[in-house]
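Chemist: As numbered in the numbering used here, residues 2 to 438 make up the sequence shown, in order.
Every residue gets a Cβ at the ideal spot worked out from N, C-alpha and C, and that includes glycine.
Since this is a predicted model, take the numbers as computed values, not measurements.
Please see the structure below; I have some questions.
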Amino acid sequence: MNNNSGTGREMFEWAVELFPHCRSITGPGLRTTLNYFQNIVPELQIHGIASGTQVFDWVVPQEWRIKSAKLTDPNGDVVADFADSNLHVVNYAVSVDRKLSLSELQAHLYSREDMPEAIPYVTSYYSPHWGFCLEHSKRSALPDGEYQAFIDSEHVDGELNFADLVIPGESDQEILFTSYACHPSMANNELSGPVVLIALARWVQSLDRRKYTYRFVLAPETIGAIAYLSQNLNHLQAHVIAGYVITCVGDDGGYAYLPSRTGTTLADEVAIAALEGRDLDFTRYSFLDRGSDERQYCSPKVDLPMASLLRSKYGTYPEYHTSLDNLDFISAKGLGESLSMYQDCIRILEHNEIYECVEKCEPQLGRRNLRPPQNSAGAGQPTLSEIQSNTSNILAYADGKTDVVGLSRVTGISVFDIIDGCALLKSNQLLEIAAID
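Structure below.
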């Protein structure tokens, strides 16, 4: 597989530049991130939905803006400082400026006993609260006495932002790619998805021909996806034939596949064909293992055909939702390979035609150099390329009803070899694209 090492390095550099920003479901960090990607792909459109807007069963919250935060112990030593890590503060925390005892403070402290050197990621989007997150090794050593808790933040009427890009193709049928840009300084669970999505969008723009229209969406997880669907649901239901939620694609771990709710959509079939076409081992999850925006896109009354190809899936690696999901956890190689995998999905979708045989009965393959001229085995027997040797089985199932992915599934031939084999047979006037009513 081409690991796109050059593009991988570029994506990693994007992640490095974006890593320090304090993103959330609203606010300056989110806008900074969307603007950054718009500078890479100027056609990316940034939108806003005002605080208080009803979006299905949810309401767009007030915008969160934080300036600084610091927790100081009885000796005047700093225990946690927002300037050192934006994970030190509960995301969406209300402002506070008060002194309190260690016993009172404990209700506002968060740590992971099982990860004593990690700062956990904690949020309180819809319930007013404040708190500090720190390493458990530091928390367990805190002395008794009076602490100073200070958070300078505000919740104001503003807007929730998201971005989208539509790249037209020959058909108005759409392929949808989404990711989220709402987590603060985390690399695999946050930045890997957006940087791969933007690199993929730029690659799609460069294609000489596009059979399908491609839609790319960056929005805050959950509330952003819900808001986007509230504005675009009818169009998406009418046009999207396959889609993917891109997340957790930056590390060097094995591949994973998370299906749509039914597991039977075109997106599912293409994802599996892409993985099997590269002869990759991968972990197959159930939709019961969902946890990202497929919860919204695949919900019963939305029911879009969305799946995911991942590396180390959210919730399955110890560093998840902690400060240890940092830039050391991802790599240019991992990002490049994940981009290549999604490019493979697009290649399969673009070539996923339904073919039918031109001739009745088996055509004469020998005179077209698609079968050895002598029907015998042994030394000196002419050999065919793997693509040539596949043609007989492709012809046997090219019935005008089975698409390329289906041909791969029924014959056991790599989907990429099926694509090449169909092209070879079509060039020999033995296959044609079926006319579908």
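Any chance you could list the alpha helix (DSSP H) runs of at least 4 consecutive residues sitting entirely within the segment 302-379, in chain order?
Modeler: Runs found: 333-351.
Chemist: Taking all protein chains shown into account, decide if residue 353 is buried (16 or more other Cβ within 10 angstroms of its Cβ) or exposed.
Modeler: Residue 353 should be labelled buried.
Chemist: Could you tell me whether the segment 243-252 touches the segment 183-196, where touching means 3 or more Cβ pairs closer than 8 Å?
Modeler: Segments in contact, yes.
Chemist: Mark residue 236 as exposed unless 16 or more other C-beta atoms lie within 10 angstroms of its C-beta, in which case mark it buried.
Modeler: So residue 236 counts as exposed.
Chemist: When you compare the CB positions of residue 288 and residue 258, do they come within less than 8 Å of one another, or not?
Modeler: No.
Chemist: Just to confirm, are residue 448 and residue 46 a CB contact at a threshold of 8 Å?
Modeler: In the structure displayed, the chain extends from 2 to 438; residue 448 sits before or after that span and is not available.
Chemist: Would you give the residue range spanned by the alpha helix (DSSP H) that residue 177 belongs to?
Modeler: Looking at the DSSP string, residue 177 is not in any alpha helix (DSSP H); the run it does join, the beta strand (DSSP E), is 175-181.
Chemist: Who pairs with residue 134 in a beta bridge, going by DSSP?
Modeler: In the DSSP output, where bridge partners are listed per residue, residue 134 has 111.
Chemist: Three-state secondary structure (DSSP) at residue 171?
Modeler: In this structure, residue 171 counts as coil in the three-state DSSP scheme.
Chemist: Please state the DSSP three-state secondary structure of residue 117.
Modeler: Residue state, collapsed to three classes: coil.
Chemist: Looking at residue 150: is its Cβ nearer than 8 Å to the Cβ of residue 72?
Modeler: Yes.
Chemist: Alpha helix (DSSP H) containing residue 270: first to last residue?
Modeler: Residues 267-278.
Chemist: Looking at the strands, I want to know which residues DSSP matches up with residue 243.
Modeler: Answer is 176, bridged to residue 243.
Chemist: From residue 405 to residue 267, what distance separates their C-alpha atoms?
Modeler: Spanning the two alpha carbons is a distance of roughly 11 Å.
Chemist: Do you know how far the Cα of residue 77 is from the Cα of residue 343?
Modeler: Taking the straight line from one Cα to the other gives about 51 Å.
Chemist: Flag this pair as touching only if the segment 212-228 and the segment 55-73 have three or more C-beta atom pairs under 8 Å; answer yes or no.
Modeler: Contact holds: three or more Cβ-Cβ distances are below 8 Å.
Chemist: When you compare each of 304, 337, 157 to residue 261 by their alpha carbons, which one comes out closest?
Modeler: Residue 304 is the option with its Cα nearest to residue 261.
Chemist: Kindly examine the ligand GTP and report whether one of its heavy atoms sits closer than 7 Å to the Cβ of residue 305.
Modeler: As far as ligands go, the structure on display features none, and thus does not contain the ligand GTP.
Chemist: Beta-carbon within less than 6 Å of residue 409's beta-carbon, same chain only, minus the 5 sequence neighbours each way: which residues are those?
Modeler: Within the same chain, residue 409 has close Cβ partners 274, 416, 419.
Chemist: In whole angstroms, what separates the C-alpha of residue 383 from that of residue 370?
Modeler: Only weak support exists for where residue 383 lies, its pLDDT of 48 falling under 50; the value from the coordinates is given anyway. So the two alpha carbons sit approximately 10 Å from each other.
Chemist: Buried or exposed: residue 129, going by 16 or more other Cβ atoms within 10 Å of its Cβ?
Modeler: So residue 129 ends up on the exposed side.
Chemist: Please report how far the alpha carbon of residue 177 lies from the alpha carbon of residue 26, in whole angstroms.
Modeler: One C-alpha to the other measures close to 21 Å.
Chemist: If residue 437 and residue 331 are in contact, beta carbons under 8 Å, what's the gap, nearest whole angstrom?
Modeler: In fact, because the Cβ distance is near 42 Å, the residues do not count as touching under 8 Å.
Chemist: In chain order, what residues of the same chain lie with their CB nearer than 8 Å to the CB of residue 425, ignoring the 5 residues before and after it?
Modeler: Correct list, in chain order: 371, 388, 389, 392.
Chemist: State yes or no: is the C-beta of residue 148 within less than 8 Å of the C-beta of residue 75?
Modeler: It is a contact, given that the beta carbons lie within the stated cut-off.
Chemist: Run through DSSP, which three-state label would residue 49 get?
Modeler: In this structure, residue 49 counts as strand in the three-state DSSP scheme.
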